[in-house]
Amino acid sequence: MVRGALNKRLIRHMIHIWGQALAIMAVVLLGTASYISMSSAHKNLLLSRDVYYQQYDFADFFISLERAPASMVYRLEDIPGVRAVRGRIVKDALVDIPGVDEPRNIRMISMPERNRAVLNGVHVLSGRYFDEGVTDQVVLSQDFALHNNLQPGDRINVTLDGRQHSLRISGLGMSPEYIYVVRNAQDFIPSPERFGIIWVPETFAEMALDMPGSRNDFVGSVEEPERLDEILSQAERLLDSYGVFVSVKREDQISHRFVTDQIKTRDALFTMIALLLMVVSAAVIMVLLGRMVHQDRTEIGLLKAFGYSNFAIAWYYIKFALVMSISGSVLGMLLGHWLSIQMVYLYVDFYQFPEVQVQIYPDVFLFITITAALFALLGALAAARRAVKTHPAEAMRPEAPRHGHRTLIERWHFLWSLLGFTEKMIVRNVGRNRLRAAFCVAGVMISAAILMLGFHQMDSITYMIDLQFSELQREDVRVHFTHERNRGALLEMARLDGVRHAEPLLQYPFEIRNGWRHMDTGIIGVPENAQMTRLIDIEDRHINITGNGLVLSTPIAEKLGVHVGDVVRIKPLMGKITHERDVRVDKVVQQYIGTSAYMEISALSRILNEPFAMNVALLKMDEGTTHDLVKYLKDIPLIAAVELTAESYDALKVLLADSMIGMATIISLFSGIIAFAIIYNTTIISLMERQRELASLRVMGFTREEISRLLYQENVLLSCIGLVLGLPAGRWLCQRAVEAIDMDIMRMPFHLETSSYLYTVVLIALFVLLANLAVLRRISRLDLVAVLKQRE
Amino acid sequence: MGEVTVTALRDVSLEVESGEFLVILGQSGSGKSTLMNIMGGIDTPTTGQVFFQGNDLSAFSEGQLTRYRREHIGFVFQFYNLIPNLTAEENVEMATEIVAEPYPAIEMLRLVQMEDRKDHFPSQLSGGEQQRVAIARALAKRPEVLLCDEPTGALDLTTGKLVLDVLNEVNKKTGATVVVITHNATIADMAHRVIYVADGGIREIRENAKRIGAVDLEW
């Protein structure tokens, strides 16, 4: 009965301060929602991936080589622990699409003639698998077909090793091997218009590449993934004489790694934000309940005098916090679940899944609700402790008048004398409520830091792309040859119409080893004084590649633990040269996408026993000539792929623009709610505490505007301090975030544009203004008559 | 349950002379505070009119009322209502900032004999001292009317007398109209005129033929 009375009071009290309670709930709601949405989306995505992997038997290892007999499959299957192996013919090709000038790049993968369950199977979405015994039918990757207006029944012309083939599309499909469809690690964003997969009957592939009974790619699955390394090295030994290029474990497979890495990035970001929101909720609860206990002191004294236990009184305030936190969490669950579904579908735009799994994860819900409740409890504890410590007899007497005291700043008499009375009052008031002022400052600081975290995400990606295209890929057209060529090929390219300048590149796979640490990566041969591939060192200076030394990108240098001046051992992973060689690391360069190493092109050629070799030509074109050139290149044999840089750049920008705007909106919303919740709450509390003071000013003839300016300027002062601290704090947080995101394929550079600082300041100013406008309403409701009558 | 309407004042007609010392006397709940609030422009009558120097206050907007209070009225409250984190002098200065031709703060503090405590914060002052600072603050704006709501209500006898004496001095020296609201009948003896208020109406208006100095009051 009595307990019921306290509960009733709790509810009434909560309704009375609904604005503040709502602000706290909103903070908890967003924290819960951001965590749940991210975690659930993450889990659903992994589940979708794993279900897909299982249904279509995604391989555990991938070995690509020059050429080996198809019968090696049986030898490989004999390795203990191997479950199944499939031999394939894989080759990059060009496809000529009617109505499109430029040739599109495509990867051909051979499949068994009959549609049966095999490793890395193809899921046919429309049309059908190719008919048995027919060699000119193919299954095309669905996204590529959609972006190029191709349908089952259409014909396409595929150029393989310089020969053209007319093929009919029998169906559209997708495969677990290409959930994330990129050609290599350097193309880190899928471009469905420009790159696709084509699955062809084995007999066609054998015929087209003149490889009857041979394979150049083996994929396999194992019984125990823990023994993968051991199995892989056995397989490599077995295939050694067939010229193994690379052998890759599932964890290093490009599509797999991208899917996993990209989830990690956002996961880290959102977990950080969720945590900050929880901290803010605890702080706001602390301030609000602190004020409540203060106001309730007479009643607390009364309840104590009646014989209520300390626990009952503490529990009242804790319950207050828990009710706000848990109702925020429950609403957050709904929002979070809804957001997670949106997010999964957003991902599906980037990833190729046949079906998306959406499940509810009670453990995630429970975890974040409990975490939120713990933070709320933490916030409530200080207030509860103060309530418990209230002495009943003292509490029933009116409180002693508040003390005014001098602040530190007043020691500087000159400075102090410059201030008007409003400023003096603000300074003294901040000094009077130092804890609350600190919360205000911290709230703005966190809010600014979160904003910057969001902006940094955009700046970093933009910077990365700009760096890629303004320094590393300055060419207009990139032509990949099927084999290494000599200088003649470069001259041939340079003579083509519209080519202003042509530069060679030699890309070759190597193993780089430093003691026990090693990695397989491409070494890129770059000419001296290269104009198209400009490398930048860690101090932002352009560097020229000369001599015989090696230049490493930062991620490789870190992964191998080497510094400038160290010597590493390199070994070609392709061709006839197999001996190892020691080279000195000359420089370390900035690079965030892909993991490349660089060397002067002649030096690299010599390692391969050639005076000069190249397999890529970079072309700078005269204005408006690119299309004609590309059309012409379609008919030149021995070209494996043609890339238009501008096209890649534009495609990337368009693709990223949407997701960036969405991201920025969400982050701004989060940050806005934080700033609003803190400023609104502390100002309301300050208003409540000082209503007598402010009402007397109103009676004396101060206008409403003058009074609100008093509160407003205090907020502005605190917000400014918060901003001044928040900008470096945000910078620091961005640096930590960059470190926390540990990805193999790409790294986020730390990069903040000046405009991001500016936007942060502008948005924070806007949030503070909004919170102040919300308080303004309360000032006009100040009851002058009532306030003056009673004693505090 | 909806709002309950309580009629605080009914059929009140009153004229206050410029420069007079007026005491409004009544028990709590009699309506005297409402009367003063209406005179001070922090409350408006539901019916009827209030004139100040020929202007109808009852027709004033919120903004006009604020200006009226700012330019013409000085308030002294029962609980002083000084700003706790401003010193005595700063409290007075604050009032000087919102009017065109204020009295210097320090002069006002001298008038209420608080000059030597000007750097003290309200919490370091006694009740009577706080009230004298509050009077100085009200006066600094050079108001035509000084409205005092139970100015001695929270003070002991000696201090109360001191404060009333200050009010009397102010009335004499500045010529400001002083209206004191109180339930303490003794105070009435120092006024030019006394208004007796009860049950929301004026019961009696008495003119004091002979005024008694504040120091000689007994209660």
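Residue numbers (our numbering), protein chains in the order written: chain S, 834 to 1625; chain X, 295 to 513.
Every residue, glycine too, gets a C-beta built ideally from N, C-alpha and C.
- Taking a contact as a CB-CB distance under 8 Å, the pair X/Glu-501 and X/Arg-487 counts as one, their CB atoms being some 5 Å apart.
- Counting only runs of 3 or more residues that sit fully inside the segment 1424-1455 of chain S, the beta strand (DSSP E) segments are 1429-1433 and 1447-1454, in chain order.
- Sequence-ordered contacts of the segment 1530-1547 of chain S with chain X read Leu-1530, Arg-1531, Val-1532, Met-1533, Gly-1534, Phe-1535, Thr-1536, Arg-1537 and Glu-1539 [C-beta pairs closer than 9 Å].
- Classified as buried, S/Thr-992 has 16 or more neighbouring CB atoms from the shown chains inside 10 Å of its CB.
- The beta carbon of S/Glu-1526 falls within 7 Å of a beta carbon belonging to chain X, placing the residue at that interface.
- In terms of Cα proximity to S/Glu-1572, the closest of S/Gly-1534, S/Met-1105 and S/Leu-1385 is S/Met-1105.
- Annotation for S/Trp-1032: the continuous beta strand (DSSP E) segment containing it runs 1028-1034.
- S/Gln-1546 is bridged by DSSP to nothing; it lacks a bridge partner.
- When DSSP states are grouped into helix, strand and coil, S/Val-1595 belongs to the helix group.
- Take the alpha-carbon of S/Leu-1005 and the one of S/Glu-946: they are about 16 Å apart.
- Under the three-state reduction of DSSP, S/Lys-924 is assigned to strand.
- Interface flag for S/Asn-877 against chain X is unset, since no Cβ pair is found closer than 7 Å.
- Looking at S/Ile-1506, S/Val-1263, S/Glu-1188 and S/Val-861, the one whose alpha-carbon comes closest to that of S/Ser-881 is S/Glu-1188.
- S/Ile-1193 sits exposed, since fewer than 16 C-beta atoms from the chains shown fall within 10 Å of its C-beta.
- One alpha carbon belongs to S/Arg-1333, the other to S/Lys-1464, and they sit about 17 Å apart.
- Within chain X, no residue has its CB atom less than 9 Å from the CB of S/Arg-1610, the nearest being about 15 Å off.
- Distance from the CA of S/Val-1126 to the CA of X/Asp-350, rounded to the nearest whole angstrom, comes to 46 Å.
- For X/Asp-337, the residues of chain S that pass the 9 Å Cβ criterion are Leu-1617 and Val-1618, in the order they occur in the chain.
- Chain order gives no chain X residues near S/Arg-1267, where near means a beta carbon separation below 8 Å; the closest approach is about 13 Å.
- S/Ala-1510 places its beta carbon 7 Å or farther from that of S/Val-861.
- Of all residues in the segment 840-864 of chain S, none places a beta-carbon less than 8 Å from a beta-carbon of chain X.
- Of the candidates X/Gly-368, X/Pro-378, X/Glu-311 and X/Leu-405, the residue whose Cα lies closest to the Cα of X/Lys-467 is X/Leu-405.
- Assignment of S/Met-1007 by DSSP, reduced to helix, strand and coil, places it in the strand class.
- Within chain S, the residues Gly-1534 have their CB atoms less than 7 Å from the CB of X/Arg-364, given in chain order.
- Taken through DSSP and simplified to helix, strand or coil, S/Ala-1335 comes out as strand.
- S/Ser-1047 is the residue among S/Val-1112, S/Ser-1047 and S/Asp-1353 whose C-alpha sits nearest the C-alpha of S/Glu-899.
- Remark: C-beta atoms of S/Gly-1331 and S/Leu-1462 approach each other more closely than 7 Å.
- Following the DSSP letters along the chain, one finds S/Asp-1616 in no alpha helix (DSSP H), marked with neither H nor E.
- Non-local C-beta neighbours of X/Arg-436 in its own chain, meaning closer than 7 Å and more than five positions away in sequence, comprise Val-393, Glu-395, Pro-396 and Tyr-397, ordered along the chain.
- When the beta-carbon positions are compared, X/Thr-338 and X/Ser-352 come within less than 7 Å of each other.
- Shown here, S/Leu-1136 sits in a helix according to DSSP, grouped into three states.
- For S/Phe-895, the uninterrupted beta strand (DSSP E) segment begins and ends at 894-902.
- Listed along the chain, the chain S residues whose CB falls inside 8 Å of the CB of X/Glu-387 are Phe-1254.
- Close to S/Lys-1257, with beta-carbon spacing below 8 Å, are these residues of chain X in chain order: Leu-380 and Glu-384.
- Close CB contacts of S/Asn-990 within its chain, under the 6 Å cut and outside five residues either way in sequence, are with Asp-929, Gln-997 and Ser-999 (chain order).
- Closer than 7 Å to the CB of S/Arg-1261 there is at least one CB belonging to chain X.
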